[in-house]
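A.B. asks: Residue numbers (our numbering): 13 to 200.
Even for Gly, the Cβ is constructed at its ideal location relative to N, Cα and C.
Please read these numbers as outputs of a predicted model, since none were measured by experiment.
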Amino acid sequence: MHPIRSFVAAVILLGAALPGARLTATADPAPSHQVEVREDRGLYTVTARFEVPQTPTVALAVLTDYERIPHFMSDVRTSVVRERAPGRLVVEQEAESRFMMFSKKVHLIPEVTEAGDTIRFTDRCGKSFATYEGAWRATIVNGRTIVTYELSARPTFDVPAFLLKKLLKRDSARMIEGLQAEMAARSR
């Protein structure tokens, strides 16, 4: 997810490492969010979109509250800013996803750049993912704030494709619900 979601993305993919052949999965349509997952030769692409009644400023404030992410993203265990410069920072994050008796920990060190309505992130440690990069955006469309999330990830661990798809759907939905709840709480 992250920026907030590099870690969020970590959370999303953390719950799932994907193998499989060119799969496309779309989460059950909900009135306020959509999630799509594609796989191509081990590279997974997650795209998500949801709307909130809060302003883009509130949405971005939540997405960039890196050290508080564990408070509203249930799978993120730690999120610590290690370096900070104007428009750029480095965050260290750990997340864990559980499914029945199994669990998977993910470790990320995303380098984050913030510019206007966009937050871009790239993991620079390579411990859990050979590739892990993406972006968050918060924009106004027809008077509503639309938050989009994009992630490209190639896990360094193996998980059966069917399990990963279930976990990606579940963890993505949880991530979005946590973000929506935090955005609503901050606008009160």
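Compare the Cα-Cα distances from L179 to each of A193, K116, R80 and V159 and report the closest residue.
C.D. replies: The sequence position of residue 179 within the sequence shown is 167, counting from 1. Checked all of A193, K116, R80 and V159; the closest Cα to L179 is K116.
A.B. asks: When we look at the beta-carbon of E51 and count the other beta-carbons within 10 Å, is it buried (16 or more) or exposed?
C.D. replies: As a position in the sequence shown, residue 51 is number 39, starting the count at 1. It counts as buried.
A.B. asks: Could you please give me the residues that DSSP links to H83 through a beta bridge?
C.D. replies: As a first step, residue 83 must be located in the sequence shown, where it is residue number 71. For H83, which the question treats as bridged, DSSP gives no partner whatsoever.
A.B. asks: Assuming the contact rule is C-beta atoms closer than 8 Å, T101 and V93 should be a hit. Round their C-beta distance to whole Å, please.
C.D. replies: Within the sequence shown, numbered from 1, the residue matching residue 101 stands at position 89. Within the sequence shown, numbered from 1, the residue matching residue 93 stands at position 81. Inspection of the sequence shows that residue 101 is occupied by Leu rather than by Thr. Contact holds; Cβ gap of about 6 Å.
A.B. asks: Check whether the region 66-83 touches the region 148-156, counting contact only when three or more Cβ pairs, one atom from each stretch, lie closer than 8 Å.
C.D. replies: Touching, yes, given that three or more Cβ pairs across the two stretches are closer than 8 Å.
A.B. asks: Would you tell me roughly how many angstroms separate the C-alpha atoms of Q192 and Y144, rounded to the nearest one?
C.D. replies: For the purposes of this step, residue 192 is taken as residue 180 along the sequence shown, with counting starting at 1. For the purposes of this step, residue 144 is taken as residue 132 along the sequence shown, with counting starting at 1. Going from the Cα of Q192 to the Cα of Y144 covers about 24 Å.
A.B. asks: Around the Cβ of K181, are there at least 16 other Cβ atoms within 10 angstroms (buried) or fewer (exposed)?
C.D. replies: To locate residue 181, count along the sequence shown from 1; it is residue 169. Label assigned to K181: buried.
A.B. asks: Could I get the ranges of all uninterrupted beta strand (DSSP E) runs contained in the region 41-76, with 3 residues as the minimum, in chain order?
C.D. replies: Counting only runs of 3 or more, we get 45-52 and 55-64.
A.B. asks: If you follow the beta strand (DSSP E) that I121 is in, where does it begin and where does it stop?
C.D. replies: If you number the sequence shown from 1, residue 121 lands on position 109. That residue, I121, is in no beta strand (DSSP E); it is neither H nor E in DSSP.
A.B. asks: With C-beta atoms as the reference, is S140 less than 8 Å away from P167?
C.D. replies: The residue labelled residue 140 in the question sits at position 128 within the sequence shown. The residue labelled residue 167 in the question sits at position 155 within the sequence shown. In this structure, P167 lies closer than 8 Å to S140 by Cβ.
A.B. asks: Just the Cα atoms here: how many angstroms apart are P41 and A185?
C.D. replies: Locating residue 41 in the sequence shown gives position 29, where the first residue counts as 1. Locating residue 185 in the sequence shown gives position 173, where the first residue counts as 1. Residue placement at P41 is flagged as unreliable, the pLDDT there being 36, under the threshold of 50; the coordinate-derived value follows with that caveat. The alpha-carbon atoms of P41 and A185 are separated by roughly 11 Å.
A.B. asks: By Cβ distance, which residues of its chain are closer than 7 Å to A127, with the 5 residues on each side in sequence left out?
C.D. replies: The residue you call residue 127 lines up with position 115 of the sequence shown. Within the same chain, A127 has close Cβ partners G99.
A.B. asks: With DSSP run on the structure shown, which of helix, strand or coil describes R186?
C.D. replies: What you label residue 186 is simply residue 174 of the sequence shown in a count that begins at 1. R186: helix per DSSP, three-state reduction.
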